[in-house]
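The listed protein sequences correspond, in order, to chains A and B.
So the first sequence is numbered by my numbering: it starts at 77 and just counts up by one.
So the second sequence is numbered by my numbering: it starts at 139 and just counts up by one.
Don't be surprised by glycine CBs; every beta carbon is placed ideally from N, CA and C.
This one's a predicted model, so the numbers in the text were calculated from it and none came from an experiment.
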Amino acid sequence: MSDFQIALTNTAGISSVMSFWVFVASNGFRKRRDIMVKIASFVLIVGFLALTIAIVARGVEAQRFPLSNLYESLLWFAWATMGGYIWLRRTYGIGQLGWLASLTAAVMFLYGSWLPQSQHEIAPLVPALVSYWRQIHVPPLIVSYAMLFLSGLCGLIQLWCSGRSRAVIVASATILTAFGAIILGTFYKVEVLYLQLLFVGGSIVGVLLSWWSLKFVSEAHINEKNANVYDDISYRCIVVGFPLLTIGIITGGLWANHAWGSYWSWDPKESMALVTWLSYAAYIHLKVHRELSAEKLSLVAVIGLLLTLLTYLGFNTLGFGGLHSYGQFK
Amino acid sequence: MSAETTKERTMPETPVKSKKSNVSFVASVKLTIISLSLIAATVLVGAWCPQEGQVGREKVFEAFGEKAAPVLIQLGISDIFHTPWFLFLIALLTLNMVACSFQRVFPKIRLLRQPLPALAGDAILRLPYNRVVTLGPTRENEEEIAVRLASVLKKKGFKVTRSTKGDARLTAEYGKIGRLAATVTHIGLLTLVGGVTITSWTGFNGFQPVKLGDSMSFADSQHSKLWVGSLPDWTVRVNRTWKESYPGGEPKQWYSDLSVIGKDGEEKKRGVISVNNPLTYDSVDIYQASWGLDSLELKFNGQARELPLQTMGGRHAAFLPLDSDSVLIFSATDQTPDSPLRLFAKRTEWEAPKKITEIKPGQSIDMGGVQVQFSRLLPRTGLQYKRDPGLGIIYVAFAFIMAGVMLAAIPFRQVWASVEFGKDTDKDTDMEADTGSAELSYEEKADKETDLKTQSTKVLYIGGRSVKARVGFERLMDSLVEEHFVAESEASSSLEEIKP
Ligand code: HEM
Chain A
77 MSDFQIALTN TAGISSVMSF WVFVASNGFR KRRDIMVKIA SFVLIVGFLA
127 LTIAIVARGV EAQRFPLSNL YESLLWFAWA TMGGYIWLRR TYGIGQLGWL
177 ASLTAAVMFL YGSWLPQSQH EIAPLVPALV SYWRQIHVPP LIVSYAMLFL
227 SGLCGLIQLW CSGRSRAVIV ASATILTAFG AIILGTFYKV EVLYLQLLFV
277 GGSIVGVLLS WWSLKFVSEA HINEKNANVY DDISYRCIVV GFPLLTIGII
327 TGGLWANHAW GSYWSWDPKE SMALVTWLSY AAYIHLKVHR ELSAEKLSLV
377 AVIGLLLTLL TYLGFNTLGF GGLHSYGQFK
Chain B
139 MSAETTKERT MPETPVKSKK SNVSFVASVK LTIISLSLIA ATVLVGAWCP
189 QEGQVGREKV FEAFGEKAAP VLIQLGISDI FHTPWFLFLI ALLTLNMVAC
239 SFQRVFPKIR LLRQPLPALA GDAILRLPYN RVVTLGPTRE NEEEIAVRLA
289 SVLKKKGFKV TRSTKGDARL TAEYGKIGRL AATVTHIGLL TLVGGVTITS
339 WTGFNGFQPV KLGDSMSFAD SQHSKLWVGS LPDWTVRVNR TWKESYPGGE
389 PKQWYSDLSV IGKDGEEKKR GVISVNNPLT YDSVDIYQAS WGLDSLELKF
439 NGQARELPLQ TMGGRHAAFL PLDSDSVLIF SATDQTPDSP LRLFAKRTEW
489 EAPKKITEIK PGQSIDMGGV QVQFSRLLPR TGLQYKRDPG LGIIYVAFAF
539 IMAGVMLAAI PFRQVWASVE FGKDTDKDTD MEADTGSAEL SYEEKADKET
589 DLKTQSTKVL YIGGRSVKAR VGFERLMDSL VEEHFVAESE ASSSLEEIKP
């Protein structure tokens, strides 16, 4: 890895952390909030541009499309999260999603930087990955994960703005627990059954508890206008992420057919992507048919976020195995 | 006179049940949600438990131990995608989708051709988004204002239709093609079900490791229980198979040179396959799936003999027992074509094998009067094959599904507007400021009206909806109205104030 690339990647990582703190601080200053949100977003844009160049530089250095292992996919995920936020801010003029988006990007950078050095190095590809299909199949998936992630985060903010602070706390704790399981699975030797239980069991309990907590409404915190805005943005993110996920899954099928002679083989990661896809199909039908209130839909988006996390990082780190283990390094 | 604007937003947050009176449960979205959730849960379990069809039954025992594994096998969880339960769920979803698509989704195509009806001001006020702008006295007549609005909307990408009845009403649509999303996606899903059914009834697939020089037939292939297909009578011969490595030794690519041999023994087709690069003959595709060393060919005093190789770490070993106590071990590697063969001896009482010598490919050594020659390593290529008659249809389905979900991302926006003669004053607009208006006498009211008429006040009613991007739409409309109508009427009304 060249120094140039390291410097750019570090710039992106540091600016995501910085913008997170400026976003957080902006809540302490009523009067200067707008200007601080502007500064934080600007810092994030700088990081986004640095990361864009870093990824391109990595591709040039490696003489291949720079998306072939877990570390590189984390860079892409952070890139898409930052880019997604910048796009949403431009179209909706919202600021508060920024601190969750920059936090997500920062966490992904940190996670990536903790990975062993072998992941950071530019390594030759295994035979199965030497194909032009790689660049058709993987980027839409990573970008869709980021968009679906953002939609879940919007769901959290929507719940907050509709006075469901208790549900927000439970749901956030659930997401943190799930991510904790992934960290444990990546860096420590823990029995996989416990890890899976922590992730899946924690998510089920957490979601049920949050659903139940929807009953508790603190009227004082309600900001109906923002609740509406975030409800809308959450859907918008899904409506963009869902086609990308569809394209990713289908091109994966085309590639598999090309390489192995079968477009679908119920490989665990494939199946998991299908679960995620089906759950967003369910979300879209619920939304189009207005079967659920905005708050419940926000929780469905949070469930989607957990499934996305399980598909993206969970399957390799929690010991589910399967053909898509290129992201693994243990 | 000041410009007053009112926003009335209905709050769609309370769940509004769509009309379901004439829709059976089979075609209901409720059933869709239930079956999608159950399928998702079932697939999740299938993703968690190793599947026998994929990795073999041993893996299930490996993962869950002697106690739990039989239970999982008994319950069908280790082969969940072939259980009656899963097939039932798929059938349920298919039924639901067919019923729903024909009853509710496809009929909506008609809406595409129907023009939007032009609405009057009071109907516009009932739309999810609506605004009333009282325009100050302007020289523009209603018609001209409508034309101006139309051109503003056109600039924003809307397709505008003006009312032909001589009133100043218009309708505008954006992203109408997005309305096709559900239809296109669902056609794709139905096509997918069709394609998968054809494949499962007539297709087959399989995997076979084939040693260099050997041939493969399709006798061991797998297909579904309900099957009306046929198997090919030709075979595939492996003429050559080799691997390519990176300088560090990691495998880079595997190749096999294959010949299709007809029933009459004649070569029908020949080609080199590699990973990601199959050979197709008679609509059967043959793929390079794996590669390894199969056996070791030695010559004892010129007589060829093959010993099977076993993988041991990075190396491969062949065993030649001499008597009940001693064994010769040949250790080979395929790192480079000229890697030597290592020869070891092992007796029961020895702790570790003893290395005797090394033999280069083609060379021979003398062992107690026997000439042992290392002639070559025989590789084995793992061939995956399949015939998939539904594939073309499935690819068409994929195209439809991708197109459909992309269409679903297009926000569909509808706008209605009507410019009317200043009659709004006795309606909602000025009410808030002018709560006493109900008490106005008839004459006063009439006065006011004629007053308005002479000042030629016009009112712009504008409203619309966008289910998929409501807030973005409202922002767009607000800025459009404010920029082109409110700002101007404010400017003209301030002029008004200066004049007298
Ligand atoms: C299997 C049972 C299913 C039923 C009964 C069903 C029913 C419906 C209905 C009634 C609509 C609304 C049509 C409209 O109002 O214009 C719709 C829309 C849609 N459905 Fe389905 N659906 C099913 C499965 C699926 C699946 C598995 C997908 C997967 C992608 C899917 C994707 C869509 C999409 C993308 C839309 C368009 C939504 C939009 O307009 O934004 N459907 N579906």
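#### Entry: Separation of B/TRP392 from B/PHE224, as counted between CA atoms
Locating residue 224 of chain B in the second sequence gives position 86, counting from the first residue. Locating residue 392 of chain B in the second sequence gives position 254, counting from the first residue. CA-to-CA, the gap between B/PHE224 and B/TRP392 works out to about 37 angstroms.
### Query
In chain B, which residues lie with their C-beta within 7 angstroms of the C-beta of A/THR167?
Residue 167 of chain A sits at position 91 when you count from the first residue of the first sequence. Under the 7 angstroms cutoff, chain B gives GLY610.
### Message
Closer than 7 angstroms to a non-hydrogen atom of the ligand SAH - does that hold for the CB of A/VAL351?
### Response
No copy of the ligand SAH occurs in the structure displayed; its ligands are the ligand HEM alone.
### Message
Can you tell me whether B/ARG264 is helix, strand or coil according to DSSP?
### Response
Counting from one through the second sequence, the residue named residue 264 of chain B turns up at place 126. In this structure, B/ARG264 counts as coil in the three-state DSSP scheme.
### Task
Report back the beta-carbon spacing between B/ALA483 and B/PRO491 to the nearest angstrom; my notes put them in contact at under 8 angstroms.
Position 345 of the second sequence holds residue 483 of chain B. Position 353 of the second sequence holds residue 491 of chain B. That belief holds up - the Cβ atoms of B/ALA483 and B/PRO491 are roughly 6 angstroms apart, short of 8 angstroms.
### Message
On the DSSP bridge list, what partners appear for B/VAL348?
### Response
Your numbering for residue 348 of chain B matches position 210 in the second sequence. Answer by DSSP bridge pairing, in chain order: B/THR519.
#### Entry: chain A within 8 angstroms of B/ALA258, Cβ atoms only
Looking up residue 258 of chain B in the second sequence gives position 120. No, B/ALA258 does not count as interfacial toward chain A.
### Message
Cutting at 6 angstroms between CB atoms, please list the residues of its own chain near B/ILE177, excluding the five before and the five after it.
### Response
Taking the second sequence and counting its residues from 1, the one referred to as residue 177 of chain B is at position 39. Only LEU227 meet the Cβ criterion.
### Query
Do we get a CB-CB distance below 8 angstroms when we pair B/LYS524 with the residues of chain A?
On the second sequence, residue 524 of chain B is found 386 positions in, with the first residue counted as 1. Closer than 8 angstroms: yes.
### Message
Taking CB distances under 8 angstroms as the criterion, tell me whether A/PHE105 reaches chain B.
### Response
Numbered from its first residue, the first sequence carries residue 105 of chain A at position 29. Judged by the 8 angstroms Cβ criterion, A/PHE105 is not in contact with chain B.
### Message
Counting only Cβ pairs nearer than 8 angstroms, list the residues of chain B close to A/GLN272.
### Response
Here residue 272 of chain A is taken as the residue at index 196 of the first sequence, counted from 1. Near A/GLN272 (Cβ distances below 8 angstroms), the residues of chain B are TRP186.
### Query
If you check the beta carbons only, do A/THR250 and A/GLY282 fall under 8 angstroms apart?
Position 174 of the first sequence holds residue 250 of chain A. Position 206 of the first sequence holds residue 282 of chain A. Their beta carbons are under 8 angstroms apart, which means A/THR250 touches A/GLY282 by this criterion.
### Query
So is B/LEU330 buried or exposed if we call it buried at 16+ other beta carbons inside 10 Å?
Position 192 of the second sequence holds residue 330 of chain B. The residue in question, B/LEU330, is buried, as its Cβ has 16 or more Cβ neighbours within 10 Å.
### Query
According to DSSP, is B/THR595 helix, strand or coil?
For this step, residue 595 of chain B is matched to residue 457 along the second sequence. For B/THR595, the three-state secondary structure derived from DSSP is coil.
### Query
Does the Cβ-Cβ distance between A/TYR221 and A/THR384 come in under 8 angstroms?
Translated into positions along the first sequence, residue 221 of chain A becomes position 145. Translated into positions along the first sequence, residue 384 of chain A becomes position 308. Going by C-beta atoms, A/TYR221 is nearer than 8 angstroms to A/THR384.
#### Entry: Three-state secondary structure assigned by DSSP to A/HIS365
Counting from 1 along the first sequence, the entry for residue 365 of chain A is found at position 289. DSSP places A/HIS365 outside both helix and strand once states are collapsed to three, so it counts as coil.
### Task
With B/SER394 as the anchor, note down where its beta strand (DSSP E) starts and where it stops.
The sequence position of residue 394 of chain B within the second sequence is 256, counting from 1. Taken as a continuous stretch (DSSP letters only), the beta strand (DSSP E) holding B/SER394 covers 389-399.
#### Entry: Neighbour list for A/ASP308 in chain B, Cβ cutoff strictly below 8 angstroms
Walking along the first sequence from the start, residue 308 of chain A turns up at place 232. Residues of chain B passing the Cβ test: ALA607, ARG608, VAL609 and GLY610.
### Query
Helix, strand or coil: which one does DSSP assign to B/GLN501?
Residue numbering aside, residue 501 of chain B sits at position 363 when the second sequence is read from its first letter. In this structure, B/GLN501 counts as coil in the three-state DSSP scheme.
### Message
Looking at chain A, is there any beta carbon in it that lies within less than 8 angstroms of the beta carbon of B/THR495?
### Response
Counted from its first residue, the second sequence places residue 495 of chain B at position 357. At a cut-off of 8 angstroms between C-beta atoms, B/THR495 does not count as an interface residue with respect to chain A.
### Task
Note down, in chain order, each residue of its chain lying with its Cβ closer than 6 angstroms to the Cβ of A/ALA349, except the 5 sequence neighbours on either side.
Reading the first sequence from its first residue, position 273 is the one you call residue 349 of chain A. Hits under 6 angstroms: ILE325 and THR387.
### Query
Would DSSP call A/LEU191 helix, strand or coil?
In the first sequence, residue 191 of chain A corresponds to position 115, counting from 1. DSSP places A/LEU191 outside both helix and strand once states are collapsed to three, so it counts as coil.
### Message
Strictly under 8 angstroms for the Cβ-Cβ distance: is B/MET235 near chain A by that measure?
### Response
By one-based count along the second sequence, residue 235 of chain B stands at place 97. No, its Cβ sits nowhere closer than 8 angstroms to a Cβ of chain A.
### Task
Just mark B/VAL298 as buried or exposed, buried being the case when its beta carbon has 16 or more other beta carbons within 10 Å.
Reading the second sequence from its first residue, position 160 is the one you call residue 298 of chain B. B/VAL298 counts as buried, since at least 16 other C-beta atoms from the protein chains shown sit within 10 angstroms of its C-beta.
### Task
Along the beta strand (DSSP E) that carries A/PHE141, what are the first and last residues, could you check?
Your numbering for residue 141 of chain A matches position 65 in the first sequence. For A/PHE141, no beta strand (DSSP E) encloses it, and the DSSP letter there is neither H nor E.
### Task
Determine the direct distance from the alpha carbon of B/PRO266 to that of A/LYS291, and round the result to whole angstroms.
Position 215 of the first sequence, counting from 1, holds the residue named residue 291 of chain A. Position 128 of the second sequence, counting from 1, holds the residue named residue 266 of chain B. So the alpha carbons of these two residues sit roughly 27 angstroms apart.
### Task
Output the distance between the C-alpha atoms of B/GLY440 and B/PHE468, rounded to the nearest integer angstrom.
For the purposes of this step, residue 440 of chain B is identified with residue 302 of the second sequence, where counting begins at 1. For the purposes of this step, residue 468 of chain B is identified with residue 330 of the second sequence, where counting begins at 1. The alpha-carbon atoms of B/GLY440 and B/PHE468 are separated by roughly 18 angstroms.
### Message
What would DSSP say about A/TYR388, mapped onto helix, strand or coil?
### Response
Numbered from 1 along the first sequence, position 312 holds the residue referred to as residue 388 of chain A. Helix at A/TYR388.
### Message
With H, G and I counted as helix, E and B as strand and the rest as coil, what does DSSP make of B/GLN324?
### Response
Residue 324 of chain B sits at position 186 when you count from the first residue of the second sequence. Per the sequence shown, residue 324 of chain B should be read as His rather than Gln. Here B/HIS324 sits in helix by DSSP.
#### Entry: Neighbour flag for B/LEU174 against chain A, beta carbons, 8 angstroms
Locating residue 174 of chain B in the second sequence gives position 36, where the first residue counts as 1. It does; some Cβ of chain A falls within 8 angstroms.
### Task
Measure the C-alpha to C-alpha separation of A/ILE198 and A/ARG140 and round it to an integer number of angstroms.
Position 122 of the first sequence, counting from 1, holds the residue named residue 198 of chain A. Position 64 of the first sequence, counting from 1, holds the residue named residue 140 of chain A. CA-CA distance, A/ILE198 to A/ARG140, rounds to 10 angstroms.
### Message
Do A/SER294 and A/GLY239 have their beta-carbon atoms positioned less than 8 angstroms apart in this structure?
### Response
For the purposes of this step, residue 239 of chain A is identified with residue 163 of the first sequence, where counting begins at 1. For the purposes of this step, residue 294 of chain A is identified with residue 218 of the first sequence, where counting begins at 1. A contact, by the Cβ cut-off of 8 angstroms.
### Query
Within the 8 angstroms Cβ cut-off, does A/MET223 reach chain B?
For this step, residue 223 of chain A is matched to residue 147 along the first sequence. No, because no Cβ of chain B sits closer than 8 angstroms to the Cβ of A/MET223.
### Message
Just to confirm, is the Cβ distance from B/ALA547 to A/VAL122 under 8 angstroms?
### Response
Position 409 of the second sequence, counted from the first residue, corresponds to residue 547 of chain B. Position 46 of the first sequence, counted from the first residue, corresponds to residue 122 of chain A. Pairing B/ALA547 with A/VAL122 gives a Cβ-Cβ distance that is not under 8 angstroms.
### Query
By a C-beta neighbour count over all protein chains shown, 10 Å radius and 16 as the cutoff for buried, is A/SER227 buried or exposed?
What you label residue 227 of chain A is simply residue 151 of the first sequence in a count that begins at 1. Around the CB of A/SER227, 16 or more other CB atoms lie within 10 Å, so the residue is classed as buried.
### Distance between beta carbons of A/GLY160 and A/MET223, contact taken as under 8 angstroms
Here residue 223 of chain A corresponds to residue number 147 of the first sequence, with the count starting at 1. Here residue 160 of chain A corresponds to residue number 84 of the first sequence, with the count starting at 1. The C-beta distance from A/MET223 to A/GLY160 rounds to 6 angstroms, short enough to meet the 8 angstroms contact threshold.
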